[in-house]
Amino acid sequence: MDRVDAEAQCLLSPINHTLSRRMFAMTTLAGGFALSTLPVSAQTITTPTDGLVAGEVSIPVEGGSLPAYRAKPAGKGPFPIVMVVQEIFGVHEHIKDVCRRFAKEGYLAVATELFARQGNAASFTDTGALIRELVNKVPDAQVMADLDATAAWAAKDGGDISRLGITGFCWGGRTTWLYAAHNPKLKAGVAWYGRVTSAPTELQPMVPVNLVQKMNAPVLGLYGGKDGGIPMADVERMQKALAAVNSRSTFHVYPDAPHAFHADYRPSYRPDNAKDGWKRCLEWFRINGV
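One gets our numbering by counting positions in the sequence shown from 1 and adding 23 to each.
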């Protein structure tokens, strides 16, 4: 076993077997956008695949395999790895495009459909029902293990596991904070408007603000000052908790931005904030070895 395979194997953590014995609800990615996000904005960005290897792949996990979207530069590599974590709406066209944007910057980017065991987010027409009936039923332990499997797979697909990063949006932003406290191999994370405080549940007991002492890698938080779902008081509480342990993690807040300001397919999109956030994201990864 070579060094890359050995390090990749170290990322595979045990998962509670009761989480993996259910039938997988999704075996391929949904096309287009989630029904609950329609209509799609005319500002939606589409990144071409020229010079890239891009498309759907399958990630082996406990109990089966998960569909995912991978984009990387054409060529041998190895390439630094960025795991892109979905919003509550699943791995749809915007998340796939974010992978292509990273690939254009020289990364192997992969977005795994982390709801695949529980259901298809794209089929829901009501956001409230989507959260109650699907998102809230996805265990934190399952997500962490599936991301470990994704990282290990990427290392065998031309990725450099010693340069591993993660970024996520909304639900994926919270997941980014959690994964930074989970994987000691992680180099850096970028969390876009993910919750940092919440009431723990049986399936989702992990709360970012309670995990600051366990952080293995620095996280850049990109947040909107007018986010209706994430009060600035929560952000300030997280900032204080990080400062108390001398963490290198930090925040950048866009005072007039709402939630989902990077989502160019939605009315919440703020082009200037999204462009600046993307620049900060890339710089954060580069200065932290991703």
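Even glycine gets a Cβ: it sits at the ideal position worked out from N, Cα and C.
Residue j beta carbon less than 9 Å from that of residue i
{"i": "R186", "j": "P278", "result": "no"}
{"i": "A57", "j": "H115", "result": "yes"}
{"i": "H205", "j": "L170", "result": "yes"}
{"i": "A211", "j": "N311", "result": "yes"}
{"i": "I111", "j": "V158", "result": "yes"}
{"i": "R123", "j": "A77", "result": "yes"}
{"i": "G244", "j": "F274", "result": "yes"}
Reduced DSSP secondary structure (H/G/I, E/B, other) of residue i
{"i": "R44", "result": "Note that R44 scores 40 on pLDDT, short of 50, meaning its location in the model is unreliable; the coordinates nonetheless yield the value given after this. Coil."}
{"i": "A187", "result": "Inspection of the sequence shows that residue 187 is occupied by Leu rather than by Ala. DSSP places L187 in strand when its eight states are reduced to three."}
{"i": "P37", "result": "For P37, the predicted model reports a pLDDT of 38, less than 50, meaning its position is unreliable and no value from the coordinates is stated."}
{"i": "Y292", "result": "coil"}
{"i": "V276", "result": "strand"}
{"i": "S88", "result": "strand"}
{"i": "K179", "result": "helix"}
{"i": "P231", "result": "helix"}
Selected residue, minimal CA-CA separation from residue i, among the options
{"i": "G195", "options": "D287, P231, A48 and A152", "result": "P231"}
{"i": "A94", "options": "L131, T60 and Q109", "result": "L131"}
{"i": "D250", "options": "E85, N233 and R293", "result": "R293"}
{"i": "E259", "options": "T148, V219, N239 and W215", "result": "V219"}
{"i": "A280", "options": "F308, Y216 and T135", "result": "Y216"}
{"i": "I68", "options": "A297, V313, E306 and D287", "result": "D287"}
{"i": "T150", "options": "W176, T60 and G182", "result": "T60"}
Span separating the alpha-carbon of residue i from that of residue j
{"i": "L89", "j": "N143", "result": "12 Å"}
{"i": "I82", "j": "R289", "result": "29 Å"}
{"i": "A145", "j": "V276", "result": "30 Å"}
{"i": "M106", "j": "P62", "result": "27 Å"}
{"i": "A203", "j": "S291", "result": "27 Å"}
{"i": "G100", "j": "L75", "result": "12 Å"}
{"i": "K208", "j": "P162", "result": "22 Å"}
{"i": "V84", "j": "A178", "result": "15 Å"}
{"i": "S270", "j": "V242", "result": "9 Å"}
{"i": "L226", "j": "P71", "result": "38 Å"}
Below-9 Å beta-carbon distance, residue i vs any chain B residue
{"i": "T51", "result": "Of the protein chains in the structure, only one exists, and it is not chain B."}
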